[in-house]
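Per the numbering used here: the sequence shown = residues 1 to 448.
We put the beta carbon where it would ideally sit given N, CA and C, even for glycine.
Before any comments, here is the structure.
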Amino acid sequence: MSRLHKSDRRMFLKQAALGAFAAPAFIRNLTAAAPSEVVRHASFGASGMAGADLGAIISHPKVKLVCVADVDIARAEALKKQHPDLRVYQDWRELLDKEHKNLDSVNVSTPDHMHAPIGMAAMQRGLHCYGQKPLTHDVFESRQLSKIAAEKKLVTQMGIQIHSSSEYRTAVALIQSGAIGKVKEVHSWSSKKWGDSAPLPNREDAVPESLNWDQWLGVCANRPFIGGGYYHPGNWRKRLDFGTGTFGDMGCHIFDPVFKAMDLTAPLTAFSKGPAPSATNWANDAEVHFTFPETKFSVGPTFPITWYDGDKRPSKEVTGPYLGDKGLPDQGSLFIGEKGAMVLPHVAQPILLPEKQYEGFERPQIKGDNHWHQFVNAVMGNGTTLAHFGYAGPLTESVLLGGVATYFPNQKLEWDAANLKFKNQPDAARLIRRTYRKSWEVAGLSDV
């Protein structure tokens, strides 16, 4: 469970201080708690991002933390010191088997490779689910989690907390109101570098006494433990089997307002101009070009979006007409429209360009919401969530497809969303759906 990025931490603190938000009525689980009752909650993960999620969720006055599971038992025991009545588990399966009847909701805030197995198992037991981004490690998993959430009418929310912020909601409103006209293209980027060009170390280190390495591996193939932080607690993001690289880490945040504002569905094509991953690690400096179907907010016949990370950025040819010599923010997006442009930093209010053209422009005044309390309120029957899995699933699928494209540099991959495959690249099938390790199979993910 990784530490929050600086801008994400600022947004976390800002949103945690906001009041809860009651949105319009929405279909919810018929067994959801009555508004006067306590929401009984469990956390999968006890510190890092899990600690941030958990802290925000239990700050809601109607939430009771019942139990927690963490493969590093020292982290869970540290949490127990703050909550003496907390029941602690090291095996998430044991927690669900023993506690599911005592629970209403969970948060799944583990490394990416375990998001789907734990989330699926919890939702199959009728538990409402707050799942960290990316929703899953693989495209097929995202599709399956979205399906079960809908089938069981569960309250869900993905951990893209800026989705509920004033900054991102204002950006969506500006685009959809036509402030820059119909959008011709978007460029999005992140300076993070969750890649590693070094070969896999040829060694096996002693597993820390508090860590169950077999359970940490979960659905992934067995391998030796490598210490020094190579996998645990944070650098798993760089490793192909466990993380989803920079795009997976930040794409669900930065693509989110693009996806929402443009009302996007699944991409038509994905084309990578950057380096391919190594045998075990993601690469840095991705440049992935997508085309999406035209929407009412775009200029047709297809809509292009380009993603950059590491040291890659949009060229001066792209940015110059709007930004001149001004630099780009560290992370964010540039929307280029028929009437103007908009820069949306991650995380700050959008900037309309050219600035002189938009002097005196009246922006919509949109307040932010507490993303975590929104989830709790929806579990209690009050309103809905804005980043439910019906929205977060397709968003995650698009982001993960960008990662898949990096395996095939300079090949335009044609995506068949209905059948979950690339029409012209059968070798990509193994990257859309993984095979789970024996004895770690999960119904709804391994048996369909």
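Where residue 442 falls, given that 16 or more other Cβ within 10 Å makes a residue buried: buried
Within 9 angstroms, strictly: CB atoms of residue 235 and residue 71: no
Rounded distance between the beta-carbons of residue 188 and residue 469, thought under 8 angstroms: Outside the displayed range of the chain (1 to 448) lies residue 469, so it cannot be described from this structure.
Whole-angstrom C-beta distance between residue 444 and residue 144, which should lie under 8 angstroms: 6 angstroms
Assumed close pair residue 43, residue 50 - CB separation to whole angstroms, cut-off 8 angstroms: 6 angstroms
Rounded separation between residue 288 and residue 80 - CA only: 44 angstroms
Helix, strand or coil at residue 39 [DSSP, three-state]: strand
Cα-Cα separation, residue 47 to residue 110: 9 angstroms
Neighbourhood of residue 158 by C-beta distance below 6 angstroms, restricted to the same chain and skipping five residues each side: 131, 133, 135, 387, 392
Straight-line Cα distance separating residue 404 from residue 432: 8 angstroms
Buried/exposed call for residue 122, threshold 16 Cβ in 10 Å: buried
Runs of beta strand (DSSP E) wholly within the region 173-210 (minimum 3 residues, chain order): 183-190
Given 8 angstroms, three or more beta-carbon pairs between the region 192-212 and the region 150-157: no
Inter-stretch contact (C-beta, 8 angstroms, three-pair minimum) for the region 277-286 and the region 159-167: no
Identified DSSP bridge partners for residue 293: 302
Alpha carbon of residue 174 to alpha carbon of residue 88, nearest angstrom: 46 angstroms
Start and end residues, beta strand (DSSP E) containing residue 345: 341-345
Through-space distance from residue 309 to residue 331, alpha-carbon basis: 9 angstroms
Alpha carbon of residue 407 to alpha carbon of residue 199, nearest angstrom: 17 angstroms
Neighbour-count burial assignment, residue 320, 16 or more Cβ in a 10 Å radius: exposed
Nearest residue (CA-CA) to residue 191, options 167, 176, 138, 249: 249
Residues sharing a beta bridge with residue 356, DSSP: According to DSSP, residue 356 bridges with nothing at all.
Entirely enclosed alpha helix (DSSP H) segments - the region 83-164, minimum 4 residues: 92-99, 115-124, 139-151
Counted within 10 angstroms of its Cβ, other Cβ atoms place residue 418 as buried (16 or more) or exposed: exposed
Per DSSP, the bridge partner or partners of residue 385: DSSP lists no partner for residue 385.
Continuous beta strand (DSSP E) stretch holding residue 335: start and end: 332-337
At least 3 beta-carbon pairs within less than 8 angstroms: the region 362-376 vs the region 163-173: yes
Sub-9 angstroms separation of residue 245 and residue 194 beta-carbons: yes
Residue environment, residue 38, which counts as buried when at least 16 other CB atoms sit within 10 Å: exposed
Alpha-carbon to alpha-carbon, residue 379 and residue 146: 17 angstroms
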